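Encoded as structure tokens, the structure appears first; notes follow it.
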Ligand code: SAH
């Protein structure tokens with residue numbers, strides 16, 4: 429017998445508003461096992477659609493289809509085809525980009541990133557984990573990659589009772605893969621790099637930043653040098669800071685490989701910004717791309733203080749007319765809240781700033797309206813007035 433779940437009318441309302449998640453508190457009768465594809469019914473017994481079921485996570489249901497349309501292998505293949513087709517149409521200047529962005533490609537809890545001839549997948553729910561063989565087969569048929577790696581090590585998997593693992597699912601994955609993005613070449617370690625290797629969501633913001641960058645550039649939270657390398661080509665001098673020695677070593681190696689000069693230093697940005705101010709150093713362009721300070725709702729207050737602190741310090745270090753590229757990838761800090769933080773930082777820095785561009789994650793990471801969780805990265809390009 430096929431698996432079925434009845435959901436409450438509150439759950440049904442949420443579903444009608446376009447959100448694919450149903451929380452455990454909205455479940456009625458459950459006749460399903462961990463990771464099953466289930467038929468979802470309302471309290472009157474009407475079929476609402478098919479979904480992935482988790483017996484552990486608070487997100488108990490992730491909708492795949494609505495109405496009677498079956499959620500079978502052909503549906504998964506069609507969704508992957510649509511996702512690949514959309515990325516093909518974007519004309520992305522690079523060989524590394526996101527092919528499948530979970531909910532926004534109607535493949536909830538699935539990430540697929542492309543790094544040249546290699547693919548990296550993440551299955552972040554019991555149901556998607558079980559579908560991996562189908563996904564690997566379809567990706568293999570469509571793209572013929574040299575290797576597919578599962579970076580199934582995000583903490584989110586623990587919430588679903590899944591192990592944190594890194595496995596080669598097809599072909600072979602070398603220790604280092606070379607990709608290019610907007611004219612810059614990178615060596616990427618797909619097994620150990622942060623996220624799936626690179627911060628692909630910032631590609632278009634790096635390009636945008638390069639349109640304004642000039643003079644002395646400071647890249648804070650540089651990781652492998654995404655912003656620093658792109659900006660070094662137009663800057664007089666580029667300094668980059670990251671707390672990770674490994675990341676800084678990669679900035680140096682990537683700079684050399686691209687024939688660029690970046691002064692990459694290991695340091696805690698909070699301390700370094702203060703230190704630079706004490707030394708009366710000034711910059712014309714500053715990038716702030718910190719990790720998500722607010723990983724949970726309860727961390728928002730502390731995160732707000734952190735964001736404000738670095739924005740205030742950066743605005744003080746900027747010359748009049750200088751540009752600040754400031755980012756937040758905390759979903760829990762809304763665009764409005766982030767604008768307020770930057771505004772308060774400007775007040776405390778006793779300056780005025782104009783917002784020149786409000787940006788988000790790149791087009792290969794689109795936002796599904798009605799699902800605020802898919803809009804996480806905010807990037808403001810602001811100009812310090814004289
Ligand atoms: N700008 C990068 C991505 C940054 S990710 C890009 O375009 O690719 C955030 C980075 O911040 C990580 O590399 C992490 O090592 C670093 N980091 C975290 N806390 C830090 C701190 N207090 N000071 C400096 N770097 C920090």
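In the numbering used here, the protein residues as written are 429 to 814. Even glycine gets a Cβ: it sits at the ideal position worked out from N, Cα and C. These figures come from a predicted structure and were not determined experimentally.
In the pairwise beta carbon analysis, the segment 504-521 is classified as touching the segment 788-796: at least three pairs are separated by under 8 Å.
At a cut-off of 7 Å, the beta-carbon of residue 625 does not count as near ligand 1: no heavy atom of the ligand is closer than that.
Between the C-alpha atoms of residue 497 and residue 481 there is a straight-line separation of about 17 Å.
Under the rule that a run must span 3 or more residues, the beta strand (DSSP E) segments found entirely inside the segment 596-626 read 605-609 and 612-616.
Rounded to whole angstroms, residue 614 and residue 524 show a C-alpha spacing of 10 Å.
Separation of the CB atoms of residue 577 and residue 597 is rounded to 7 Å, and the pair is thereby assigned contact status at 8 Å. One Cα belongs to residue 491, the other to residue 648, and the distance between them is close to 39 Å. Taking 4 residues as the minimum length, the alpha helix (DSSP H) runs contained wholly in the segment 647-685 are 654-660 and 673-685, in order along the chain.
A buried status is given to residue 478, since no fewer than 16 other beta-carbon atoms sit within 10 Å of its beta-carbon. Across the structure, residue 471 and residue 445 are spaced so that their CA atoms are roughly 18 Å apart. In this structure, residue 744 lies near residue 777, with their beta-carbon atoms less than 8 Å apart. Non-local C-beta neighbours of residue 545 in its own chain, meaning closer than 7 Å and more than five positions away in sequence, comprise 573 and 574, ordered along the chain.
In the displayed model, residue 548 falls within a strand according to three-state DSSP. When rounded, the separation of the alpha-carbon atoms in residue 556 and residue 538 is 7 Å.
By alpha-carbon distance to residue 635, the top candidate from 661, 617, 701 and 487 is 661. Within the same chain, 741 come within 6 Å of residue 701 by CB-CB distance, once the 5 residues on both sides are set aside. Per the DSSP secondary-structure output, residue 812 pairs in a beta bridge with 781.
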